[in-house]
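Asks:
In the numbering used here, the protein residues as written are 347 to 740.
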């Protein structure tokens, strides 16, 4: 009997894991099923570009995984039963239940309204393609001079504000940040961000936590009302809720607790990767939700699964950070070099060269997903039968 591997979610991490597994394991010994609700890959790091009217390259999973042995199932996951080792899905033909021997959970995250009143009703989000397309339509209807407020001073907030201001210089773009503008960056990085914001005419409301969102304004902790014909909410991500409803050991926010090989500490036949996993990095600090964190966890999980099934050596590759890549429109950027545990150092690359660097990183990440088995050793290892029968708990 073939060992059944199911991968839930085909974002950067899920697609990478499925492709890597198909390259590591012999096709006669395993089945690899990749479940995703959409038929094509979403470049999540480019949603701010999609929102301002730029068209992104279409990459269909059918073409990406053709000939790899990965079976794509277009369906929405509705439940995971980790005790019975089944996944419930709904597709065009109705509801179905699938059994697995090893599960790779990569359902990722969505936007997080932080429970702020009015956010769900009035704000737009950039955590996925539907939200970006809705924002795109709304921005296209705005007349010149109307105010747009981006809430959140993190990476997504900086990228969204500058992208909108560059694409629509006729709008009055503002950013509301809980802290200072780019306050986690080095002095050089902060200076460049402020320089670009000034050049693009973006009004910055620093140390202004938003406590309410209304149809035409946002309200901050000090009672200040900032006019907003459109509010864009970028204050972080919330993980998919399914994991928290299972028997898996998870954090209070719903992230699955894993060991160094991305295997669930409570259910050894389940692996969690990307935003869905609580992964401890250098300095015993949790990895932040990002593509930079997610793809290495996908590699780690795939290699660990293959090793356990074939009797190979378990991977022991520390996951660390090298830089943070921030686009500030199409012509400017900041590459902030960081320590292994993601703290800014003095060195930073800025300007046009940084924008080119960031673009190459984005293209490289998408290429890696679109070509899941290229650039890897072609020798597929055979599964040890006893291990396959026992599952991945060995």
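Even glycine gets a Cβ: it sits at the ideal position worked out from N, Cα and C.
Pick from 687, 663, 367, 702: whose alpha carbon is nearest that of residue 671?
Replies: Considering only alpha carbons, the answer is 702.
Asks: Run through the DSSP bridge pairs and tell me what residue 369 is partnered with.
Replies: For residue 369, which the question treats as bridged, DSSP gives no partner whatsoever.
Asks: Measure the alpha-carbon distance for residue 396 versus residue 364 and round it to whole angstroms.
Replies: Straight-line Cα distance between these residues: approximately 26 angstroms.
Asks: Measuring only the C-alpha atoms, how far is residue 402 from residue 479?
Replies: Taking the straight line from one Cα to the other gives about 12 angstroms.
Asks: Count the other CB atoms, across all protein chains shown, that sit within 10 Å of the CB of residue 543; report buried if there are 16 or more and exposed otherwise.
Replies: Buried.
Asks: Take every Cβ of the stretch 646-656, pair it with every Cβ of the stretch 585-600, and state whether three or more of those distances are shorter than 8 angstroms.
Replies: Not touching, per the Cβ criterion.
Asks: Check residue 509 in the structure and name its three-state DSSP category.
Replies: It is helical.
Asks: Between residue 327 and residue 579, is the Cβ-Cβ spacing less than 8 angstroms?
Replies: No statement about residue 327 is possible, as the shown extent of the chain runs from 347 to 740 and does not include it.
Asks: How about residue 512 and residue 392: do their beta carbons lie closer than 8 angstroms?
Replies: Going by C-beta atoms, residue 512 is not nearer than 8 angstroms to residue 392.
Asks: Looking at C-beta atoms only, is the number of pairs between the stretch 470-488 and the stretch 375-382 that lie closer than 8 angstroms three or more?
Replies: No, the stretch 470-488 is not in contact with the stretch 375-382.
Asks: Excluding sequence positions up to five away, which residues of its chain have a Cβ less than 6 angstroms from the Cβ of residue 443?
Replies: Contacts found: 432, 434.
Asks: Beta-carbon within less than 6 angstroms of residue 410's beta-carbon, same chain only, minus the 5 sequence neighbours each way: which residues are those?
Replies: So the qualifying residues of the chain are 716.
Asks: Which two residues bound the contiguous alpha helix (DSSP H) that contains residue 711?
Replies: Residues 698-716.
Asks: Decide if the stretch 597-615 is in contact with the stretch 629-649; the criterion is three or more beta carbon pairs, one per stretch, under 8 angstroms apart.
Replies: Cβ pair count under 8 angstroms is three or more, so yes.
Asks: Out of 583, 556, 635, 564, which has the shortest C-alpha to C-alpha gap to residue 575?
Replies: Out of 583, 556, 635, 564, 564 has the C-alpha closest to the C-alpha of residue 575.
Asks: Would you check if the stretch 413-427 and the stretch 521-538 touch, i.e. whether three or more CB-CB distances between them fall below 8 angstroms?
Replies: No, the stretch 521-538 does not touch the stretch 413-427.
Asks: As a quick exercise: from 532, 660, 526, 505, pick the residue whose alpha carbon is nearest that of residue 546.
Replies: The candidate whose alpha carbon is nearest that of residue 546 is 505.
Asks: In three-state terms, what does DSSP make of residue 457?
Replies: Strand.
Asks: Look at residue 447 and residue 351 and say whether their C-beta atoms are less than 8 angstroms apart.
Replies: Yes, Cβ-Cβ distance for residue 447 and residue 351 is below 8 angstroms.
Asks: Please state whether DSSP places residue 613 in a helix, a strand or coil.
Replies: It is coil, neither helix nor strand.
Asks: Taking C-alpha atoms, which residue in 389, 371, 705, 617 lies nearest to residue 357?
Replies: When each option's Cα is compared against that of residue 357, the closest is 389.
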